[in-house]
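Down below is the structure, laid out as structure tokens.
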Amino acid sequence: MKTCHIASFFAFALFLCGHSALAQTWNGNGPTNNWSDPFNWSTNAVPANGAAITFNGTGVKDCVIDIDIVTGSFTIDAGYTGTISQGASNLTHNGTFTQNGGTFHGGSGSITFVSSFNLTGGTFAGSTGTTSFNYFFTQSGTGTFVGNGGTAVFNGSAANYSAAQPQAFNNVTINKNNLAPLSLIGSSVLAVNGLLTLQDGRVDSNGTLEARGGINVSTDFDGGNGKLRFAGSGVQSFINEGGIIPTGIFTVDKSGGTVQLLSDLNLSNGTQAFDLVNGTITTGAFIVNAGTRSVNRTTGYINGNLRRVINSIGPMTFDVGTENGYSPLGMTISAFVNPSALTIAAVQSQHPNRPLTGSSMGRYWSITEEGNVTAVLTFHYLDADLSGIEESSFQLFRYTGAGTEFTQMPATHITTANTMTTIGGITEFSDWTMLSQLGPTSATASVSGRVLTAGGRAISMADLRLTDTDGRIRRVITNPFGYFKFNDVTVGGSYILSVAHKTYIFAEPYRVITVKDEITGIDFIALDPRTTGSLGMIEGSVTDEGGNPVEGIEIEMIGGDETSIVVLTGKRGEFTFNELLIGRTYILIARSEDGFFVEPVKTVALEDVSASVGFQIHGKGHERTSRPRQEIGN
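Numbering-wise (the numbering used here), the sequence shown opens with residue 526 and increments by one.
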């Protein structure tokens, strides 16, 4: 490095001399706000790599870091009122970084703190990319850290995190090597609004790692004894790819949403409490394994599978529930073989194998046993589970696992408390629910309407189906006038009403209805076949003068394109011409060698999906069959 000492050169000479490794103070005397402007520095030279940087208490001018920099110590004094902006440059601080005032606003470049980071005043907004803390992070006083949409990485061989107030980061990655810990000092809270990635190392000490977004645990993470808390207001995800969960207190304290498991949540390596303060964990097919941890509940619960180890005699509660509420299973354990465990889930539906002769409560509990446990069970249900059935009529049943075979179990039913408690210890565990021989006592009503063509003509033999929320289907067929009616429909339920017909298409074949009283006037209108490019048919019959059907009569149909089709009448005197273009006119000719027709030629305009025509033959010698009686039901 070339250094100039001729005082007469003053500022110009210092500019020519290039960067200075001396301690530098920002004075802002240059014509720009750029870090690279030498006249903004006390030595009139751009700081060299490793220089000690100070923004003193008399400074007010903003600074734009427009080049990559490597500093020694970096100090922002309390009186500084300007803003230091990073931009796209990369910053490396090898010495201690201390901010007592002002504003540091990170840009898209990386920021690396090789030594300690001390924030006692002002606001520090990290990089929108990556901000790395290799050593100590300390916040005190009025200093505020802002995540700024980027990722904070805690790495290096050792680091402490100390914060007088919870500091809100965006994404955080803990990537310590050689089992090194990130020690959360005292009551410090490291709050992560975005994704928390536990990649390598440990989390130790008395502070709390608070996840307000998702958590990803990598295979190399070593756990530690730190505390972990879910505290977000929306849906959060959790996935463990094979790492170890910290053994400290694990808390769910969410103001909204749920924690959605994408893998098992295994807390069995720790003995500290599992606190369900508020909110839920939704397991899906996965399991929350609480191990031997004590479970303390305020209002939270597990929506899904909860496993607990049985290691003592006495009361225990499995704090489970479903989307519509908390429905725990309490128990008093009288005996067990070590090791033993139970996995329990509440399910918000009627048991899929419920016997058809009984009415099921809209909830059941699935219990899986490991080892050997004897316990009295108490099931807590919700009013919404009664499905309109008289509450006192329910009895407790255990599913045997064979078809629809359930075993009734002696139990005490306290309707005022919504509980069902077994009489005597239970040693066999499977699915449990409550069944009644009574049906729903809710009021019923009828649902009716009509099925019509686009031109207002009745459509008979349309298939109407009414499906309830449990998938049960009722069917009726429209009568010759297109009317349908469902009787005895339970009031208060929601249903899907659908229509189908072998020859008609409907623009709106489904309706969702809620039955509160009698419903009339539900009309389904078929599409106009002339606008849909549909094909239709002409059907008809031949009878003698007595009205009896005549078999073997030749019927010729001539289309608009002069094509000709010939068919013979069947045993009932019937004939049909299919796949005809709708909107055309067709000529039908009846012929017979025995007898004659008064009207042997008829013209048929096919305006809809079907048209009918009849011929009457006079004379003797034709084979006749008895005319069948036809019935159309409602």
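Glycine included, each C-beta is placed from N, C-alpha and C at the ideal position. Predicted model only: the values in this text are computed from it and were never measured.
Span of the beta strand (DSSP E) holding residue i?
i, result
"V1014", "Y1008 to T1015"
"W551", "Taken as a continuous stretch (DSSP letters only), W551 belongs to no beta strand (DSSP E), as it is neither H nor E."
"D745", "Segment: none, D745 is in no beta strand (DSSP E) and carries neither H nor E."
"D993", "Run containing D993: none; DSSP gives neither H nor E here."
"Y686", "A684 to A688"
"R975", "T969 to L977"
"G887", "S884 to H905"
"M841", "G839 to F843"
"M959", "D956 to S961"
"S598", "I594 to I601"
"K779", "F775 to L786"
"P864", "L854 to V872"
"K586", "Taken as a continuous stretch (DSSP letters only), K586 belongs to no beta strand (DSSP E), as it is neither H nor E."
"H630", "T628 to H630"
"T608", "T608 to S610"
"H938", "A936 to I939"
"Q1141", "S1135 to H1143"
"Y1020", "S1019 to A1025"
"A927", "Segment: none, A927 is in no beta strand (DSSP E) and carries neither H nor E."
"Q724", "L721 to D725"
"R982", "Unbroken run through R982: none, as it is neither H nor E."
Measuring CB to CB, does residue i end up less than 8 Å from residue j?
i, j, result
"A705", "G726", "yes"
"N565", "W551", "yes"
"Q664", "T698", "no"
"A860", "R832", "no"
"W957", "I892", "yes"
"L646", "Q624", "Per the sequence presented here, residue 646 reads as Gly, with Leu not at that position. Against a cut-off of 8 Å, the Cβ pair of Q624 and G646 comes out as a contact."
"A684", "F662", "yes"
"V813", "D778", "no"
"T944", "V901", "no"
"F638", "F670", "no"
"I914", "S874", "no"
"G896", "V862", "yes"
"N830", "T868", "yes"
"S955", "G928", "no"
"H905", "F919", "no"
"G607", "D587", "yes"
"T772", "Q797", "yes"
"S713", "S687", "yes"
"G1126", "I1114", "The sequence shown places Val at residue 1126, rather than the Gly named in the question. Yes, they are a contact pair."
"H912", "G887", "A small fix is needed here, since residue 912 is Ser in this sequence, not His. Result yes, Cβ atoms of S912 and G887 sit closer than 8 Å."
"I835", "V742", "no"
"A716", "F746", "no"
"L786", "F811", "yes"
"F629", "I601", "yes"
Beta-carbon within less than 6 Å of residue i's beta-carbon, same chain only, minus the 5 sequence neighbours each way: which residues are those?
i, result
"G855", "T842 and T903"
"D800", "T776 and N821"
"L721", "V697, A736 and I740"
"R975", "G1007, Y1008 and D1048"
"G469", "Coverage of the chain is limited to positions 526 through 1159, which leaves residue 469 absent and any answer about it impossible."
"F679", "F658, I699 and L707"
"Q933", "Q920 and F922"
"N559", "V589 and D591"
"L1052", "I1030 and A1032"
"S985", "T1003 and P1005"
"P880", "T929"
Near residue i, what residues of its chain come up, given a Cβ to Cβ distance below 8 Å and the 5 sequence neighbours on each side ignored?
i, result
"G1139", "G1065, S1066, V1067 and T1068"
"D1133", "T978, G980, R982, P1054, G1061 and I1107"
"F540", "For F540, the pLDDT reaches just 36, beneath the cut-off of 50, and the residue's location in the model is therefore unreliable, although a value from the coordinates is still provided. These residues qualify, in order along the chain: P563, F564, N569 and A570."
"S1151", "Residue placement at S1151 cannot be trusted, given a pLDDT of 35 that sits under 50; the coordinates are not used to answer."
"D988", "R1000, I1002, V1024, A1025 and H1026"
"T1110", "G1085, T1128, V1129, A1130 and L1131"
"S502", "Past the boundaries of the shown model lies residue 502; the chain is included only from 526 to 1159, so the question cannot be answered."
"T1028", "G1061, M1062, V1134 and S1135"
Please check the pair residue i and residue j, which I expect to be a contact at CB under 8 Å, by giving their CB distance rounded to whole angstroms.
i, j, result
"G681", "Y660", "6 Å"
"T596", "I578", "5 Å"
"V1037", "A970", "16 Å between Cβ atoms; not a contact."
"N476", "I764", "Residue 476 cannot be examined here, being either before or after the span of the chain that is shown, 526 to 1159."
"G759", "S730", "About 29 Å; that fails the 8 Å criterion."
Between which residues of its own chain and residue i is the CB-CB distance below 7 Å, once the five residues before and five after are set aside?
i, result
"F535", "Low confidence applies here, because F535 scores a pLDDT of 38, under 50, leaving its location unreliable; read the following figure in that light. Excluding positions up to five away in sequence, the list is empty."
"V1075", "V1067, T1068, D1069, T1094, G1098, I1142, H1147 and R1149"
"G654", "S633, G634, S635 and G675"
"G1144", "D1119, G1120 and F1121"
Is the shortest distance between the beta-carbon of residue i and the beta-carbons of chain B less than 8 Å?
i, result
"V1091", "You won't find chain B in this structure, because it holds only one protein chain."
* Asked: At which residue ranges does the region 645-707 contain complete beta strand (DSSP E) runs of 3 or more residues, listed in the order of the chain?
  -> Counting only runs of 3 or more, we get 648-650, 655-658, 662-664, 669-671, 676-681, 684-688, 692-694 and 696-701.
* Asked: Where are the beta strand (DSSP E) runs, 3 residues long or more, that stay fully inside the region 1062-1130, in chain order?
  -> The qualifying runs are 1079-1083, 1089-1093, 1099-1106, 1110-1116 and 1126-1130.
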